[in-house]
Every structure is written in structure tokens, then in C-alpha cells.
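Protein chains: 2
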Amino acid sequence: MTQKALILFAHGARAAGWAAPFERLQQITSAQLPEVAVRLAFLELMTPQLPGTVAALAADGRTDITIVPVFLGQGSHLLRDLPLIVEELRIAHPNLLIRVAAAAGEDPDVLGAIARYCIVSMN
Amino acid sequence: MTQKALILFAHGARAAGWAAPFERLQQITSAQLPEVAVRLAFLELMTPQLPGTVAALAADGRTDITIVPVFLGQGSHLLRDLPLIVEELRIAHPNLLIRVAAAAGEDPDVLGAIARYCIVSMN
Chain A
268 MTQKALILFA
278 HGARAAGWAA
288 PFERLQQITS
298 AQLPEVAVRL
308 AFLELMTPQL
318 PGTVAALAAD
328 GRTDITIVPV
338 FLGQGSHLLR
348 DLPLIVEELR
358 IAHPNLLIRV
368 AAAAGEDPDV
378 LGAIARYCIV
388 SMN
Chain B
268 MTQKALILFA
278 HGARAAGWAA
288 PFERLQQITS
298 AQLPEVAVRL
308 AFLELMTPQL
318 PGTVAALAAD
328 GRTDITIVPV
338 FLGQGSHLLR
348 DLPLIVEELR
358 IAHPNLLIRV
368 AAAAGEDPDV
378 LGAIARYCIV
388 SMN
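Protein chains in written order, with the numbering used here: chain A, 268 to 390; chain B, 268 to 390.
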């Protein structure tokens, strides 16, 4: 068994329905990565949050964790809040490899898909 | 000349760099829609905001305006704030056709691109 985990890290919101696209994203990625534990975690307003999710993955024997910020822009949440959380997680779990990807909105293919959606929405 | 305009509507943030992917999105869509006025507008923390942008487009002779919320989840900003703003805009500009698309995160192709990005980030 691989010891890999993928955490889709999203902002969170008060409206429960806000999480729907992130839950679909979890389903899509989980189906394509059957040996990887794919989890959704939020920064605020929703649970589970990142520390509890990482602790649960560690307890489950996952040692190689990739956090992908499912954010479009990189603001203070990704520039300041997330690095602090990850620093604390690395201290709390020294045996884990915790990697943090760039924000999804930095990916040219993601932006290309959003651009196509905008153009189709004009018609 | 077409009288169409496309407004990419984003949340806004304190960090100026947060807007970078949205500015790239504006460049991509603008290049592909040379006759359409493509504008970026924010809900809060950044300018320009939606009312000023719509007023400027109306003054410029644009009568058919599509607003695409470049948001992943649909929370209170899209369920409550945006409809109120659009209602006021329709009252203020009765001669404009103002259409509002679904959030970009509701589009399956956008989610598919984000999923591919997440999977690639694992390697």
C-alpha cells in the first residue's frame, strides 16, 4: 500500500452548499488515485480543518502528504496562514513528509478551462 | 461593433498579488473575444467594483453585459450579495441586459482541470 495522501485545502464558508464543487473534486481525484487517501480540509468556517486531517492521516499510517490549495488567488491565507499551519504540523509530526503545492489558480490549464467557461457563458 | 461586455467577477483580497490569476484570465479571454469589452471587477477589498464597472461600460455604449463569477464555491457572496448588487444595477440601468452566469467552480471542465492539477501535484 502506498503511504501517500492528498489534501484538497479550501477556504470554507458559512453556506454548507459552498463545499459542493470541492466534494466533487475529492470524488474525481479519489477515483483516479485509488491508493491515495484523498481528503478535503478547510481553513475556516468548515470542518475538518488541516491539523485534524493531518493527524488522522498520520494515525492511519500515511507518511507522504501533499497539500493542494484549491484557491484561485494567493492572498494572505496562502502567503501567511497556510505556511504557519504547515510549520506547526511539521513540528507536531516530524516523521511526515508534508509538501505544499502552488495554488490551483496558478496552473495555466486551470486558467485555460476557466477562460473557456467564461467565453461559453457569453453565448 | 458588438455591444457586449464580459465582467470577470472575483472576491478581492488585501494582497495585491492575489489578483494575478484573474488578470491573466482577463488577458486570455480578452484576446479571444476582441470585440467584447472584458473587465475585471471585485466584490470587496479591491477596485474596481461591480457598480462602477457596469456604469463605465454603460457610458461606453455596452448594452449586453455578462457577469461570470470567478468563484469556486457558491456561498453567501454569490447567493446573497451578488443578486442584491445586480438587482440594484438593473434598477439603475434599465436599458442594460445584465446576465449572471453560474460560478466557474460549477463547470465540470473547470473541475476536471483542477483535478488534473491536483493529481500532477502528487508527483
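Every residue, glycine too, gets a C-beta built ideally from N, C-alpha and C.
Distance, B/L378 Cα to B/A286 Cα: 20 angstroms
Cβ-based neighbour list, B/L339, same chain, cut-off 6 angstroms, excluding 5 preceding and 5 following: G372
Contacting positions in the region 285-301 of chain A - beta carbon closer than 8 angstroms to chain B: W285, A286, A287, P288, F289, R291, L292, I295, T296, Q299 and L300
Per DSSP, the bridge partner or partners of A/D331: A/K271 and A/L364
Reduced DSSP category for B/A277 - H, G, I as helix; E, B as strand; rest coil: strand
Same chain, Cβ closer than 8 angstroms to A/A280, five either side skipped, listed in chain order: A286, L312 and M313
Exposure of A/Q294, with buried meaning 16 or more beta-carbon neighbours within 10 Å: exposed
Residue-chain proximity (B/Q270, chain A), Cβ-Cβ < 8 angstroms: no
Cut-off 7 angstroms between Cβ atoms - residues of its own chain near A/D348, not counting five sequence neighbours on either side: L310
Inter-stretch contact at 8 angstroms, needing at least 3 Cβ pairs: the region 360-369 of chain A / the region 325-335 of chain A: yes
Option nearest A/A325 by Cα separation, candidates A/C385, A/N390, A/Q270 and A/V387: A/Q270
Host beta strand (DSSP E) of A/A304 (start-end): A304 to F309
Range of the contiguous alpha helix (DSSP H) that encloses A/A326: L317 to A326
Residues of the region 301-314 of chain B with Cβ closer than 8 angstroms to any Cβ of chain A, in chain order: V303
B/D374 - containing alpha helix (DSSP H), residue span: Neither: B/D374 is in no alpha helix (DSSP H) and is coded neither H nor E.
Candidates A/L346, A/A308 and A/P336, of which the one nearest B/I381 by Cα: A/P336
Contact set between the region 334-356 of chain A and chain B, restricted to residues whose Cβ is under 7 angstroms from the partner: V335, V337, L339, G340, Q341, G342, S343 and L346
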